[in-house]
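Below is one structure, written out as structure tokens, with a few remarks after it.
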Amino acid sequence: MKVLVAGAASGLARQVVELLLADGHQVAGIDRRSWPGAPPRLALHAVDLRKRAAEDVFRRFRPDVVVHMATVTSLVMAGEERTRMNLGGTRAVFEHAHAYGAKHVVFVGRHTYYGAAADLALYHREEEPPQSLGTFPELADLVAADLYAGTTLWRGPHTTSVLRLCYTLGPSRQGTLASFLRGHRAPLVLGYDPLFQFLDESDAAKAIVLAVEKRPQGIFNVAGPAPLPLSTIIEGTGRTAVSVPEPLLKLLVGRFGFPSLPRGALEHLKFPVVVDATAFKKATGFEFLVDEVETLRRFRALGQ
Amino acid sequence: MHRMLGLDVDERVAALELGFNGLGIDRWGVSKKHLKVFFTALGSLYRYYFRVKAFGLEHVPPKGRGMLVGNHSGGVAIDGAMVLASMFFDLNPPRLAQGMAEKFLNALPVSSTWSSRTGQLTGLPEHAEALLHDERLLMVFPEGARGTAKLYTERYSLVDFGTGFMRLALKTKSPIIPFGFLGGGAAIPTIFNAVALGKLLGVPYIPVTPYLVSLPLPVNLEVHYGEPMHFEGTGAEEDSVIGGYVEQVKRRIAMLIENGRRERHEAKHRKDAR
Numbered sequence: 000m001k002v003l004v005a006g007a008a009s010g011l012a013r014q015v016v017e018l019l020l021a022d023g024h025q026v027a028g029i030d031r032r033s034w035p036g037a038p039p040r041l042a043l044h045a046v047d048l049r050k051r052a053a054e055d056v057f058r059r060f061r062p063d064v065v066v067h068m069a070t071v072t073s074l075v076m077a078g079e080e081r082t083r084m085n086l087g088g089t090r091a092v093f094e095h096a097h098a099y100g101a102k103h104v105v106f107v108g109r110h111t112y113y114g115a116a117a118d119l120a121l122y123h124r125e126e127e128p129p130q131s132l133g134t135f136p137e138l139a140d141l142v143a144a145d146l147y148a149g150t151t152l153w154r155g156p157h158t159t160s161v162l163r164l165c166y167t168l169g170p171s172r173q174g175t176l177a178s179f180l181r182g183h184r185a186p187l188v189l190g191y192d193p194l195f196q197f198l199d200e201s202d203a204a205k206a207i208v209l210a211v212e213k214r215p216q217g218i219f220n221v222a223g224p225a226p227l228p229l230s231t232i233i234e235g236t237g238r239t240a241v242s243v244p245e246p247l248l249k250l251l252v253g254r255f256g257f258p259s260l261p262r263g264a265l266e267h268l269k270f271p272v273v274v275d276a277t278a279f280k281k282a283t284g285f286e287f288l289v290d291e292v293e294t295l296r297r298f299r300a301l302g303q
Numbered sequence: 000m001h002r003m004l005g006l007d008v009d010e011r012v013a014a015l016e017l018g019f020n021g022l023g024i025d026r027w028g029v030s031k032k033h034l035k036v037f038f039t040a041l042g043s044l045y046r047y048y049f050r051v052k053a054f055g056l057e058h059v060p061p062k063g064r065g066m067l068v069g070n071h072s073g074g075v076a077i078d079g080a081m082v083l084a085s086m087f088f089d090l091n092p093p094r095l096a097q098g099m100a101e102k103f104l105n106a107l108p109v110s111s112t113w114s115s116r117t118g119q120l121t122g123l124p125e126h127a128e129a130l131l132h133d134e135r136l137l138m139v140f141p142e143g144a145r146g147t148a149k150l151y152t153e154r155y156s157l158v159d160f161g162t163g164f165m166r167l168a169l170k171t172k173s174p175i176i177p178f179g180f181l182g183g184g185a186a187i188p189t190i191f192n193a194v195a196l197g198k199l200l201g202v203p204y205i206p207v208t209p210y211l212v213s214l215p216l217p218v219n220l221e222v223h224y225g226e227p228m229h230f231e232g233t234g235a236e237e238d239s240v241i242g243g244y245v246e247q248v249k250r251r252i253a254m255l256i257e258n259g260r261r262e263r264h265e266a267k268h269r270k271d272a273r
């Protein structure tokens, strides 16, 4: 199959590209970022997804499948530009996929869609609406992109797989949880220790490739091992957990070796976002290979 | 510490079948490490402070889903804590009963972490249903917060029961194990509930006793478990049908309380006569 990966130079997407190539697919990528040492068989186009040049890639390559991994979090990009990137980029991907005859689009979204709050149930299921956006407005554009992708389930002529992927940890050291663990100290809100759910990057990439190959229509949570308390993750990756009272932590983030976090992210340090991924497993047969203990050990071995 | 107290906490935690991972944590975030601390604290209260007597333990299924359903007794959650302790210390093999905690417990620091690590999840229908599907033992107080707010003079009465637990039992085909809890009202003889003070502290109310603070007195507590009750249905029945089933459970609990009081009274008489 011809697979086009939008956002192909990100850490996780690189592994997806490698797996797709290994499976014998013809792969093209779009990303403004460079990828030194990219596989020679990958046709990587350094264009902006929202510009004309990106549409030309769709027109010339005529992908069977488009994997959209070009959304960004508030940790990577701030304000209006992020909103334009996430919404404008997602719209462009679906419109071009439609216009140039793709049969399947995989939208790789995030499990943080569901939000974190004291009165939400553990193990969110796909039918739930996004909640507690009020406390974390920086997530709004990602949630909107997810919901927009979901509308193509009934609008689009192609198959759509909307994936809500839990956190990932791996050699790219990218992603929300990896960024949180970047320093040697990681903060906990005093008195809170929420459960975090994560997959090893290699398993996350495998799950995305399975979605490409099995072509499940619908919205799917993607996760692997059971969640762990954040303190266990911090210690398991060789960092030091520092419990700080909430008002003080608001002043400390981004300073003194603490990671920089948007204000709303503090709710995610107090309450869990955990998903039920049985529907995805049933649709694709996905099984993780790297368990939670091994994932932490590998991440620890990468150093800080 | 628990060895000094003569509590076999380590062995009992090891005997819990909850599907712990290599780090001693189950899929709901219940942690062996936290359970040991939690049950050491509860065990000292259970064995030595309240000297709780548990009757009818043979009615609790040794494995598989089940709902312990009983009355609230006492202004703070001693009743729930002692039911958890009786399932852990007096049932063989032990089981972890999982309560449906008030929402504020997960919102407040410290109690948020401890309620999660000990499996006392926020009282949401989604949690209850998922735990039963996981073949866990649920602990439910259908009187809700109105039940803990009972005053000393109302200590043996039952307030209205919610109906959610019955719909859940029908939907998940779970047996209901009724229990009557005695003595909590005397442990915390509430004369007044300070609602405004509670709001200030982020809890529903603070029970005020004749000696002002709401620390419980060391009175003997009893919990009487009754035979499992099975109901047939889907959980989508009309309110009048569900109400009838709920009434049966409520009557059974009232009977367990009444029988317990009578036995207690007779035992006291026998002791006085000697």
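Read top to bottom, the protein sequences are chains U and B. The first sequence begins at 0 in numbering that gives the first Met the number 0 and counts up by one. The second sequence begins at 0 in numbering that gives the first Met the number 0 and counts up by one. Even for Gly, the Cβ is constructed at its ideal location relative to N, Cα and C.
{"Query": "C-beta contact flag for residue 66 of chain B and residue 12 of chain B at 7 Å", "Result": "no"}
{"Query": "Min CB distance residue 102 of chain B to chain U below 7 Å", "Result": "yes"}
{"Query": "Unbroken beta strand (DSSP E) run spanning residue 239 of chain U, endpoints", "Result": "239-243"}
{"Query": "CB-CB length for residue 165 of chain B against residue 256 of chain B, believed under 8 Å", "Result": "Contact flag wrong, Cβ pair sits at about 19 Å."}
{"Query": "C-alpha gap between residue 112 of chain U and residue 104 of chain U, whole angstroms", "Result": "19 Å"}
{"Query": "is_contact[residue 166 of chain B, chain U] using C-beta, thresh 7 Å", "Result": "no"}
{"Query": "8 Å Cβ cut-off: residues of chain U touching residue 17 of chain B", "Result": "Within chain U, no residue comes near residue 17 of chain B; the closest Cβ sits about 11 Å away, beyond 8 Å."}
{"Query": "For residue 137 of chain B and residue 127 of chain B, believed in contact at Cβ under 8 Å, the rounded distance", "Result": "6 Å"}
{"Query": "Closer than 7 Å to chain B by CB, residue 190 of chain U", "Result": "yes"}
{"Query": "First and last residue of the uninterrupted alpha helix (DSSP H) at residue 30 of chain U", "Result": "No alpha helix (DSSP H) holds residue 30 of chain U; DSSP gives it neither H nor E."}
{"Query": "Buried or exposed by the 16-neighbour rule on C-beta atoms within 10 Å, applied to residue 298 of chain U", "Result": "buried"}
{"Query": "Reduced DSSP secondary structure (H/G/I, E/B, other) of residue 221 of chain B", "Result": "strand"}
{"Query": "Range covered by the alpha helix (DSSP H) that runs through residue 81 of chain U", "Result": "78-82"}
{"Query": "Cutoff 7 Å: residue 55 of chain U Cβ touching any chain B Cβ", "Result": "no"}
{"Query": "Selection of the segment 134-163 of chain B by Cβ proximity to chain U, strictly under 8 Å", "Result": "none"}
{"Query": "Beta-bridge partners of residue 64 of chain U, as assigned by DSSP", "Result": "U:2, U:103"}
{"Query": "Members of the segment 64-98 of chain U near chain B, C-beta cut-off 7 Å", "Result": "none"}
{"Query": "7 Å Cβ cutoff, residue 72 of chain B in contact with chain U", "Result": "no"}
{"Query": "Simplified DSSP assignment, three categories, for residue 184 of chain U", "Result": "strand"}
{"Query": "For residue 233 of chain U and residue 189 of chain U, believed in contact at Cβ under 8 Å, the rounded distance", "Result": "Between residue 233 of chain U and residue 189 of chain U the Cβ distance is about 14 Å, and since that is not below 8 Å, they are no contact."}
{"Query": "First and last residue of the uninterrupted beta strand (DSSP E) at residue 160 of chain U", "Result": "158-164"}
{"Query": "Assigned exposure category for residue 205 of chain U - 16 Cβ within 10 Å defines buried", "Result": "buried"}
{"Query": "Where residue 105 of chain B falls: helix, strand or coil (DSSP)", "Result": "helix"}
{"Query": "Residue 57 of chain U (DSSP reduced to helix, strand or coil)", "Result": "helix"}
{"Query": "Below-7 Å beta-carbon distance, residue 109 of chain B vs any chain U residue", "Result": "yes"}
{"Query": "Buried versus exposed call for residue 273 of chain B [16 or more other C-beta atoms within 10 Å across all chains shown]", "Result": "exposed"}
{"Query": "Extent of the continuous beta strand (DSSP E) to which residue 206 of chain B belongs", "Result": "205-207"}
{"Query": "Under the three-state DSSP convention, the category residue 177 of chain B falls into", "Result": "strand"}
{"Query": "CB contact check: residue 117 of chain B to chain U, cutoff 7 Å", "Result": "no"}
{"Query": "At least 3 beta-carbon pairs within less than 8 Å: the segment 114-129 of chain U vs the segment 60-76 of chain U", "Result": "no"}
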